[in-house]
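Okay, so here's the structure we're looking at.
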Amino acid sequence: MSELSITKKRENEKLTLFAEGRADTSTSDLLAKEAKADLDDIKELEINVENLKYISSSGLRVLMSLNKIMTGKGGKMTVVKPTKMVAEVFDVTGFSNVLNIVK
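Laid out in structure tokens, this is it:
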């Protein structure tokens, strides 16, 4: 069984999610649920993935969905500190051209 833990930090209209573990088929719903629960009055969503060991297509779909929600309401989403493996997945899939990623 895969594990993913999400820690949240909120500062005014900015929400930072710290993802640790694996974002895959069995855990991506948790990432979506935790993020979407607090997006109503958020203008900036930052997802820190420095402790994310793995991301599958399910995890990528969640990131794309969150990005669409944020841009749709005039906000922004940034993915920060991807591990080498996660950065490679972003590059190979083309997500590095679509998402705002800060290494």
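Going by the working numbering, the sequence shown opens with residue 743, and the numbers climb by one from there. Cβ atoms here follow ideal geometry from the backbone N, Cα and C, with glycine treated the same way. Since the model is a prediction, treat every value here as computed from it, not as a measurement.
Inset, instruction - Give the range of the beta strand (DSSP E) segment to which Thr769 is assigned. - result: Per DSSP, Thr769 lies in no beta strand (DSSP E) segment and is marked neither H nor E.
Legend entry - Beta-carbon gap between Ile784 and Lys810 smaller than 8 angstroms: no
Legend entry - Among Leu781, Ser798, Ile797, nearest to Met812 - alpha-carbon criterion: Leu781
Inset, instruction - Return the chain-ordered ranges of every alpha helix (DSSP H) run that is complete within the region 760 to 842 and spans a minimum of 4 residues. - result: 770 to 778, 799 to 814, 826 to 835
Legend entry - Coarse secondary structure for Glu755, derived from DSSP in three states: coil
Inset, instruction - Could you tell me whether the Cβ atoms of Leu772 and Ile748 are closer together than 8 angstroms? - result: Inclusion of Leu772 and Ile748 in the CB contact set at 8 angstroms is warranted, their separation being smaller than that value.
Inset, instruction - Take the Cβ of Ser799 as the centre, count every other Cβ of all protein chains shown within 10 Å, and call the residue buried at 16 or more, exposed below. - result: exposed
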